[in-house]
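There are 2 protein chains.
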Amino acid sequence: MKSTSTGPEAVMAIADLEQARLLADPLKLSILQAMGGEAKTTMQVAEAMGEKPTRLYRHVEALEAAGLVRLVRTRPKRGTVEKYYQAVARRFEVHPDLFAPEDNTLDTMLAGILTRATTEIGEAMRNFRQSPHPDGPQPLFLHLRAEVSAADLDDLHRRLMDWADDLESRQATASHESTANWSGFLAFYPSPTGQKSNRENTS
Amino acid sequence: MKSTSTGPEAVMAIADLEQARLLADPLKLSILQAMGGEAKTTMQVAEAMGEKPTRLYRHVEALEAAGLVRLVRTRPKRGTVEKYYQAVARRFEVHPDLFAPEDNTLDTMLAGILTRATTEIGEAMRNFRQSPHPDGPQPLFLHLRAEVSAADLDDLHRRLMDWADDLESRQATASHESTANWSGFLAFYPSPTGQKSNRENTS
Numbered sequence: 152m153k154s155t156s157t158g159p160e161a162v163m164a165i166a167d168l169e170q171a172r173l174l175a176d177p178l179k180l181s182i183l184q185a186m187g188g189e190a191k192t193t194m195q196v197a198e199a200m201g202e203k204p205t206r207l208y209r210h211v212e213a214l215e216a217a218g219l220v221r222l223v224r225t226r227p228k229r230g231t232v233e234k235y236y237q238a239v240a241r242r243f244e245v246h247p248d249l250f251a252p253e254d255n256t257l258d259t260m261l262a263g264i265l266t267r268a269t270t271e272i273g274e275a276m277r278n279f280r281q282s283p284h285p286d287g288p289q290p291l292f293l294h295l296r297a298e299v300s301a302a303d304l305d306d307l308h309r310r311l312m313d314w315a316d317d318l319e320s321r322q323a324t325a326s327h328e329s330t331a332n333w334s335g336f337l338a339f340y341p342s343p344t345g346q347k348s349n350r351e352n353t354s
Numbered sequence: 152m153k154s155t156s157t158g159p160e161a162v163m164a165i166a167d168l169e170q171a172r173l174l175a176d177p178l179k180l181s182i183l184q185a186m187g188g189e190a191k192t193t194m195q196v197a198e199a200m201g202e203k204p205t206r207l208y209r210h211v212e213a214l215e216a217a218g219l220v221r222l223v224r225t226r227p228k229r230g231t232v233e234k235y236y237q238a239v240a241r242r243f244e245v246h247p248d249l250f251a252p253e254d255n256t257l258d259t260m261l262a263g264i265l266t267r268a269t270t271e272i273g274e275a276m277r278n279f280r281q282s283p284h285p286d287g288p289q290p291l292f293l294h295l296r297a298e299v300s301a302a303d304l305d306d307l308h309r310r311l312m313d314w315a316d317d318l319e320s321r322q323a324t325a326s327h328e329s330t331a332n333w334s335g336f337l338a339f340y341p342s343p344t345g346q347k348s349n350r351e352n353t354s
């Protein structure tokens, strides 16, 4: 067995337009997420996703060529070689400035993330209704809006990022206890129209 | 002017099936959210939502009859009386146990929240692309999954609830500075199928 021991970085800032375009493809993004924890073969990812492996190979190759996943281990198996890939980071940050104003890649990417999250939440809730967890925390869905100061905004933004870092770092150390798999979808964004709350002068 | 000074509670746990059913109606939920900050008239809510006020009156009446909004102030205006309503809480918690297993009210409610959040996020991002905020925090969209211990799960769950409480409590005190309106959508739920990460024995 050939192996390298470096795990994924917590966050990778995407500075390359080609890399960003790959992330805008929902299937590549799913593969990348699946390879964000333990190293996996394309076959294992395909099984978890309910896809045919033959459909995924070229996407994994594209992700590897772009430097978004890396080959961390090979293992001989029945005359062939199993290739274990791992994402280079557990989270990717894409800055809007990367794109030209008329480029809609970012919208495509966001639409893909939203569709995937919505589908997953619906599925999770059907499962939960069929077998609730009476002792643990209940699933949480919150949609909120508030008028906040610049300092509070920075603080609230940072705390959500910290929460995400924490979720991911605890994942790595959860191997010796009873564990559960939970998903999080966090969105925090400037409110669209109608958002300027009409503070009344009632004094 | 008649006025009562009690503001909304932070959270109200819904224990009444009729109240829960009202929350499952997307339009009533939108009205309730609009009345979650300052007290507003039905007319003001209609304007902010781009709806006709005549379409909203009966929904506001139903919310008041169910005890989800209350009349906090009246003001004579041109021969009529303006009625200012406020939600009794800024957040409502609905426990899945409230519903019979075959009752799909909760699914309807969740679907409504998701649709509304998705629409709002799309709109917010189009606005943001047209006029980015180079100095402030960037919009944040994260979809994560992790295998966590029961203790970590409780902690992560509590921190998201605290974050929501904090967002709402800061709203109340943000009146004297430059402020911005931001929306948050937080979902944290048991991962659906494929979630059991295949920890490999590579030792």
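Sequence lines, in order, name chains A and B.
Whatever position you read off the first sequence (first residue = 1), add 151 for our numbering.
Whatever position you read off the second sequence (first residue = 1), add 151 for our numbering.
C-beta atoms are modelled at their ideal positions from N, C-alpha and C, and glycine is treated no differently.
Can you list, in chain order, the residues of its chain with a C-beta nearer than 7 Å to that of residue i? Leave out the 5 residues immediately preceding and following it.
| i | result |
| --- | --- |
| B/G188 | Q322 |
| B/S342 | R296 |
| A/T256 | A171, R172, A175 and F250 |
| A/Q346 | Unreliable positioning characterises A/Q346 in this predicted model, as indicated by a pLDDT of 39, which lies under 50. A coordinate reading is not provided. |
| A/R350 | Residue confidence is low: A/R350 scores 36 on pLDDT, short of 50, so the model does not pin down where it sits. Its coordinate-derived value is still stated next. Within the same chain, A/R350 has no close Cβ partners at all. |
Taking the C-alpha atoms as reference points, what is the distance between residue i and residue j?
| i | j | result |
| --- | --- | --- |
| A/K191 | A/E215 | 13 Å |
| A/L222 | A/Q195 | 14 Å |
| A/L281 | B/L304 | Sequence check: residue 281 of chain A is Gln here, not Leu. Spanning the two alpha carbons is a distance of roughly 21 Å. |
| B/A166 | A/G273 | 23 Å |
| A/P177 | B/L265 | 19 Å |
| B/D258 | B/H246 | 12 Å |
| A/L337 | A/D286 | 24 Å |
| A/G204 | A/V211 | The residue asked about is misnamed: residue 204 of chain A is Pro in this sequence, not Gly. Looking at the two C-alpha atoms, the distance is approximately 10 Å. |
| B/R310 | A/R229 | 48 Å |
| A/R206 | B/G201 | 45 Å |
| B/P290 | A/D254 | 18 Å |
| B/E198 | B/Y208 | 13 Å |
| B/W314 | B/A213 | 31 Å |
| B/M260 | B/P288 | 31 Å |
| A/R224 | A/Q184 | 18 Å |
| B/M186 | B/N332 | 15 Å |
| B/F243 | A/K179 | 37 Å |
| A/A262 | B/G263 | 18 Å |
| A/Q237 | A/E319 | 15 Å |
| B/N352 | B/F279 | Residue placement at B/N352 cannot be trusted, given a pLDDT of 34 that sits under 50; what the coordinates show is reported in the next sentence. Going from the Cα of B/N352 to the Cα of B/F279 covers about 47 Å. |
| B/T193 | B/M312 | 29 Å |
Which two residues bound the contiguous beta strand (DSSP E) that contains residue i?
| i | result |
| --- | --- |
| B/T225 | V220 to K228 |
| B/T266 | From DSSP, B/T266 is part of no beta strand (DSSP E) but of the alpha helix (DSSP H) over T256 to Q281. |
| B/P300 | The sequence shown places Ser at residue 300 of chain B, not Pro. Here the beta strand (DSSP E) through B/S300 covers L291 to S300. |
| A/E160 | E160 to I165 |
| A/V232 | T231 to A238 |
Please work out which residues of its chain come closer than 8 Å, Cβ to Cβ, to residue i, disregarding the five sequence neighbours upstream and downstream, and give them in chain order.
| i | result |
| --- | --- |
| B/V239 | P159, E160, M163, G218, L219, V220 and R221 |
| B/E169 | A217 |
| B/S181 | M200 and R267 |
For residue i, which option in the options has the closest C-alpha, if you only look at C-alpha atoms?
| i | options | result |
| --- | --- | --- |
| B/R241 | A/E212, A/P252 and A/L293 | A/L293 |
| A/P356 | B/R310, B/K228, B/M260 and B/R277 | In the structure as shown, chain A starts at 152 and stops at 354, and residue 356 of chain A therefore has no counterpart that could be examined. |
| B/R330 | A/A315, A/A185 and A/A301 | Per the sequence presented here, residue 330 of chain B reads as Thr, with Arg not at that position. The shortest C-alpha separation from B/T330 is found at A/A301. |
| B/S334 | B/A275, B/R224, B/H284 and B/R209 | B/A275 |
| B/D317 | A/D248, A/D316, A/A262 and A/L307 | A/L307 |
| B/P283 | A/G263, A/H284, A/A262 and A/D248 | A/D248 |
Is residue i near the ligand COA, going by C-beta to nearest heavy atom under 6 Å?
| i | result |
| --- | --- |
| A/Q281 | Questions concerning the ligand COA fall outside what the structure shown contains, since it holds no ligand whatsoever. |
Terminal residues of the continuous alpha helix (DSSP H) containing residue i?
| i | result |
| --- | --- |
| A/M200 | T193 to M200 |
| B/S181 | P177 to A185 |
| B/L173 | L168 to L174 |
| A/A216 | P204 to A216 |
Going by beta carbon distance, what residues of the same chain come within less than 6 Å of residue i, once the five residues before and after it are set aside?
| i | result |
| --- | --- |
| B/Y340 | none |
Contact between the region 259-278 of chain B and the region 219-234 of chain A: three or more CB pairs below 8 Å? no
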